[in-house]
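Participant: Here the numbering used here is used: the first residue of the sequence shown is 6, the next is one more, and so on.
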Amino acid sequence: MPRRSKKRTWLMPQEVEVWYILPAIRRELTRIMIDRGIAQKTIAKMLGVTEPAITQYKLKRSKRSRGDQIEIPEELMDEIEHSADVIINAWENRPAGEMVYETMTREINRLIDVLRDAGVICEVHREHCEHVKEDCSACK
């Protein structure tokens with residue numbers, strides 16, 4: 006029987022983004038970059054995280070991987086592919102020794118906006134908080 010986590014009384018929308026959305030975005034970006042043959046160490050540098058975090062993003066759900074709390078809807082995966090392309094392009098064309106944190110941050114913020122506009126953040130909020138109403142518009 007799958008283990009259900011206890012619903013919290015309330016989460017701020019920003020907490021939903023930090024605890025659920027951001028790890029899921031990083032997980033998908035990692036998977037795309039790995040599929041494109043980019044080394045784990047390089048992915049960690051591009052995303053501004055540690056190599057062990059990248060290892061966690063690679064694990065299957067049954068291994069309690071990081072970022073596996075939610076699934077990003079398939080119809081939004083093109084947006085994540087686009088962001089991966091932008092980040093990879095910035096990395097490949099950066100001046101020697103520089104990082105691409107601003108580009109990565111801009112793309113992840115764009116993806117959070119896309120997920121918010123699609124109602125994904127609201128769905129996750131309802132799933133993990135017992136007092137979120139169906140017609141909640143707290144973060145709109």
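C-beta atoms are modelled at their ideal positions from N, C-alpha and C, and glycine is treated no differently.
(1) Could you check where the alpha helix (DSSP H) with serine 88 kicks off and where it finishes?
(2) For glutamate 22, does the count of other Cβ atoms within 10 angstroms reach 16, so buried, or fall short, so exposed?
(3) Return helix, strand or coil for cysteine 141, following the three-state DSSP convention.
(4) Bridge partners of cysteine 127, per DSSP?
(5) Taking 8 Å as the cut-off, decide whether the C-beta atoms of methionine 96 and methionine 51 are in contact.
Facilitator: Short version:
(1) 82-97
(2) buried
(3) coil
(4) Cysteine 127 pairs with nothing; no bridge assigned.
(5) The residue asked about is misnamed: residue 96 is tryptophan in this sequence, not methionine. Yes, these two residues count as a Cβ contact at 8 Å.
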